[in-house]
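Asks: Oh and the sequence shown: position 45 is 45 in full-length UniProt numbering, straight run, nothing missing. No residue lacks a Cβ here, since even glycine has one placed at the ideal position from N, Cα and C. These numbers were taken from a predicted model, which means no experiment stands behind them. I have a structure I would like to understand better, so I am pasting it below and will then ask my questions one at a time.
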Amino acid sequence: MTEDSRNSELRLQMMQEMRAQNFDMIRFASYRTACKLRFVQKKVNLHVVDIWNVIEAFRENGLNTLEPQTEVNVSRLETLVSSLYNNLNKRLPVAQQVHVESCSGLLLNWLLSAYSVENIGKIRVFSIKVALATMCAGKLMDKLRYIFSQISDGNGHMAVWRFAEYLQEVLALPATVYESPSFNYTEGLAATIFTGNGKVTVNDFMDTMMSDPGPHCLVWLPLLHRLASVETVVHPTACDACQREGFSGFRYRCQKCHSYQLCQDCFWRGRVSGPHANDHEVKEYTTYKSPSKQIGHSLRKSFRCVPEKGRTNIPRFPEEPEKTLNLSHIV
């Protein structure tokens with residue numbers, strides 16, 4: 001078996017394992033997509049590679065000097081992803097280090113399946129940057145600032161046509177996990193997000209992209225980051241549907257049924273008990289606190305389960321073009 005065939009087989013195995021998780025039973029497209037991409041993210045160990053390390057890998061491998069539409073061959077892409085994991089191992093204890101060859105092969109094959117230009121084994125530089133910057137670890141705000149640096153002009157204003165290309169590239173990610181019917185790219189999509197003719201600065205961009213809810217086609221993106229933040233949160237209570245105690249992840253509390261609470265698995269899949277019904281309004285919680293201190297997001301009654309719009313404190317950034325960051329100190 002050739003190395004390419006082996007990597008392809010590993011990717012197919014990963015997708016089979018993903019199907020075995022029954023994510024397709026999740027009623028809400030945004031949560032379903034986020035869960036699937038989180039599964040892939042962890043399988044290829046990008047959940048332990050920070051955005052700054054990804055940017056440094058781009059610099060180390062010369063991608064920062066290439067035009068976005070330049071096509072990179074498999075050999076150069078393999079060198080890039082291998083450097084990601086080799087540098088990761090330098091930061092990890094020996095017992096936690098990843099297998100560079102298998103991780104690189106799996107990630108490489110997954111990227112090729114998503115972005116290969118006419119299936120000839122080449123990927124555009126911009127595709128690589130968007131995919132890795134989205135799927136790695138790190139704050140969403142930092143990732144979006146990096147994306148803005150890639151789609152803005154010399155005056156620090158967003159180029160709408162470049163934003164359209166970004167949408168096309170980032171929406172290829174849901175397609176890899178069979179969610180393109182819910183989140184697909186269409187011509188003119190960018191104009192529905194930034195409708196005015198004014199100049200879009202970094203602060204305008206961040207305000208729009210990080211609003212709650214944000215652009216409809218990208219509602220899965222902040223969820224992907226929130227999923228990661230609640231995986232280890234344990235709620236010291238029982239789910240009223242499955243009776244499981246001390247469950248982790250999100251917790252949902254019905255606003256109609258007294259003290260009725262659900263774990264994320266039951267709520268996402270519509271499992272209920274007693275008088276509770278799926279059309280009842282619920283609140284989503286990421287922590288367990290006393291009722292007076294609970295912080296939740298009201299969920300709209302829509303099949304995509306988009307949180308109600310809330311106030312987000314987004315830092316303000318200088319609107320003039322920023323100097324290139326010196327990342328040489330990052331391992």
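Does the ligand PLP have even one heavy atom less than 7 Å from the beta-carbon of Val177?
Replies: Ligands in the displayed structure: none, and consequently the ligand PLP is not present.
Asks: What does the alpha-carbon distance come out to for the pair Gly121 and Leu80?
Replies: For this step, residue 121 is matched to residue 121 along the sequence shown. For this step, residue 80 is matched to residue 80 along the sequence shown. Rounded to the nearest angstrom, the two C-alpha atoms are 15 Å apart.
Asks: Judging by CA-CA distance, which residue of Ala228, Pro68, Leu107, Phe205 is the nearest neighbour of Glu165?
Replies: Walking along the sequence shown from the start, residue 165 turns up at place 165. Comparing Cα-Cα distances from Glu165 to each of Ala228, Pro68, Leu107, Phe205, the minimum goes to Pro68.
Asks: Using the Cβ count rule (16 or more neighbours within 10 Å means buried), how would you classify His235?
Replies: Numbered from its first residue, the sequence shown carries residue 235 at position 235. Its Cβ being crowded by 16 or more others within 10 Å, His235 is buried.
Asks: Using only the alpha-carbon positions, how far apart do Pro215 and Thr208 sit?
Replies: Position 215 of the sequence shown holds residue 215. Position 208 of the sequence shown holds residue 208. Cα to Cα, the separation comes out at about 7 Å.
Asks: Rounded to whole angstroms, what is the Cα-Cα separation between Ala241 and Ser182?
Replies: For the purposes of this step, residue 241 is identified with residue 241 of the sequence shown, where counting begins at 1. For the purposes of this step, residue 182 is identified with residue 182 of the sequence shown, where counting begins at 1. Each residue's alpha carbon lies about 28 Å from the other.
Asks: Note down, in chain order, each residue of its chain lying with its Cβ closer than 7 Å to the Cβ of Pro275, except the 5 sequence neighbours on either side.
Replies: Indexing the sequence shown from 1 puts residue 275 at position 275. Cys257, listed in sequence order.
Asks: Starting from the Cα of Val72, find the closest Cα among Leu112, Ser273, Ser180, Ala172 and give me that residue.
Replies: The count along the sequence shown starts at 1 and reaches residue 72 at position 72. Measuring from the Cα of Val72, the nearest candidate turns out to be Leu112.
Asks: Would you mind reading off the limits of the alpha helix (DSSP H) that contains Pro318?
Replies: By one-based count along the sequence shown, residue 318 stands at place 318. Run containing Pro318: none; DSSP gives neither H nor E here.
Asks: Kindly give me the distance between the Cβ atoms of Arg253 and Lys283, rounded to whole angstroms, as I take these residues to be in contact under 8 Å.
Replies: Position 253 of the sequence shown, counted from the first residue, corresponds to residue 253. Position 283 of the sequence shown, counted from the first residue, corresponds to residue 283. Correct: roughly 5 Å between the Cβ atoms.
Asks: Extract the residue ranges of the beta strand (DSSP E) inside the stretch 60 to 116, only unbroken runs of 3 or more that lie entirely within it.
Replies: List check, beta strand (DSSP E) in window: 71 to 73.
Asks: Express the C-alpha separation of Ala131 and Glu179 in angstroms, rounding to a whole number.
Replies: Within the sequence shown, residue 179 is the residue found at index 179, counting from 1. Within the sequence shown, residue 131 is the residue found at index 131, counting from 1. Each residue's Cα considered, the two are about 16 Å apart.
Asks: For Met158, list the residues DSSP reports as bridge partners.
Replies: As a working mapping, residue 158 is identified with position 158 in the sequence shown. For Met158, which the question treats as bridged, DSSP gives the partners Ser152.
Asks: Below 8 Å, can you find three or more Cβ-Cβ pairs linking the stretch 167 to 177 to the stretch 214 to 233?
Replies: yes
Asks: Can you tell me the Cα-Cα spacing of Glu245 and Ala238, whole angstroms?
Replies: Position 245 of the sequence shown, counting from 1, holds the residue named residue 245. Position 238 of the sequence shown, counting from 1, holds the residue named residue 238. In a straight line, the C-alpha of Glu245 is about 4 Å away from that of Ala238.
Asks: If distances are taken between C-alpha atoms only, which option among Val177, Phe28, Glu78, Glu281 comes closest to Ile128?
Replies: Locating residue 128 in the sequence shown gives position 128, where the first residue counts as 1. Checking every option, the nearest Cα to that of Ile128 belongs to Glu78.
Asks: Give the range of the beta strand (DSSP E) segment to which Val282 is assigned.
Replies: One-based indexing of the sequence shown puts residue 282 at position 282. Segment 282 to 285, the beta strand (DSSP E) holding Val282.
Asks: Go through its chain and collect everything with a Cβ distance to Leu88's Cβ below 6 Å, but skip five positions before and after it.
Replies: Within the sequence shown, the letter at position 88 stands for residue 88. So the qualifying residues of the chain are Val49.
Asks: Can you list, in chain order, the residues of its chain with a C-beta nearer than 8 Å to that of Ser229? Leave out the 5 residues immediately preceding and following it.
Replies: Numbered from its first residue, the sequence shown carries residue 229 at position 229. Thr286, listed in sequence order.
Asks: Short check: CB of Gln16 to CB of Phe39, under 8 Å?
Replies: The residue given as residue 16 occupies position 16 in the sequence shown. The residue given as residue 39 occupies position 39 in the sequence shown. No, these two residues do not count as a Cβ contact at 8 Å.
Asks: Judging by CA-CA distance, which residue of Ile26, Leu92, Arg59, Thr65 is the nearest neighbour of Asn45?
Replies: Working through the sequence shown from its first residue, we reach residue 45 at position 45. When only C-alpha atoms are compared, the closest one is Leu92.
Asks: In or out: Lys143 buried (at least 16 other Cβ within 10 Å) or exposed?
Replies: Counted from its first residue, the sequence shown places residue 143 at position 143. Buried is the call here.
Asks: Cα separation between Ser116 and Ser8?
Replies: Working through the sequence shown from its first residue, we reach residue 116 at position 116. Working through the sequence shown from its first residue, we reach residue 8 at position 8. Their backbone Cα atoms lie some 14 Å apart in a straight line.
Asks: Quick check: what's the CA-CA separation for Val94 versus Lys42?
Replies: Here the question's residue 94 lines up with position 94 in the sequence shown. Here the question's residue 42 lines up with position 42 in the sequence shown. Their Cα atoms are separated by approximately 19 Å.
Asks: Restricting to Cα atoms, I'd like to know which of Phe250, Lys90, Arg145 is closest to Ile51.
Replies: Walking along the sequence shown from the start, residue 51 turns up at place 51. Comparing Cα-Cα distances from Ile51 to each of Phe250, Lys90, Arg145, the minimum goes to Arg145.
Asks: Cα separation between residue 337 and Asn278?
Replies: Not covered by the structure: residue 337. The range shown for the chain is 1 to 331.
Asks: Which complete beta strand (DSSP E) runs does the UniProt domain "ZZ-type" (234 to 290) hold, if anything under 3 residues is left out?
Replies: 234 to 238, 245 to 248, 251 to 254, 261 to 263, 282 to 285
Asks: Return the residue from the list Tyr85, Arg251, Leu223 that minimises the CA-CA distance to Val233.
Replies: Along the sequence shown, one-based indexing puts residue 233 at 233. The residue with the shortest Cα to Cα distance from Val233 is Arg251.
Asks: Mark Arg19 as exposed unless 16 or more other C-beta atoms lie within 10 angstroms of its C-beta, in which case mark it buried.
Replies: Your numbering for residue 19 matches position 19 in the sequence shown. Arg19 should be labelled exposed.
Asks: Please report the Cβ distance between Asn86 and Val100, rounded to the nearest whole angstrom; I am assuming they are in contact, meaning their Cβ atoms lie under 8 Å.
Replies: Residue mapping note: residue 86 aligns to position 86 of the sequence shown, counting from 1. Residue mapping note: residue 100 aligns to position 100 of the sequence shown, counting from 1. 6 Å between Cβ atoms; contact.
Asks: Hey, Ile147 and Ala159: beta-carbon distance below 8 Å or not?
Replies: By one-based count along the sequence shown, residue 147 stands at place 147. By one-based count along the sequence shown, residue 159 stands at place 159. No, they are not a contact pair.
Asks: Exposed or buried, which one is Lys36 when buried takes at least 16 other CB atoms within 10 Å?
Replies: To locate residue 36, count along the sequence shown from 1; it is residue 36. That one is buried.
Asks: Which residues in the same chain have their Cβ closer than 7 Å to the Cβ of Phe247, if we skip the five residues on either side of it in sequence?
Replies: For the purposes of this step, residue 247 is taken as the residue at position 247 of the sequence shown. Same-chain partners within the cutoff: His235, Cys239, Cys263.
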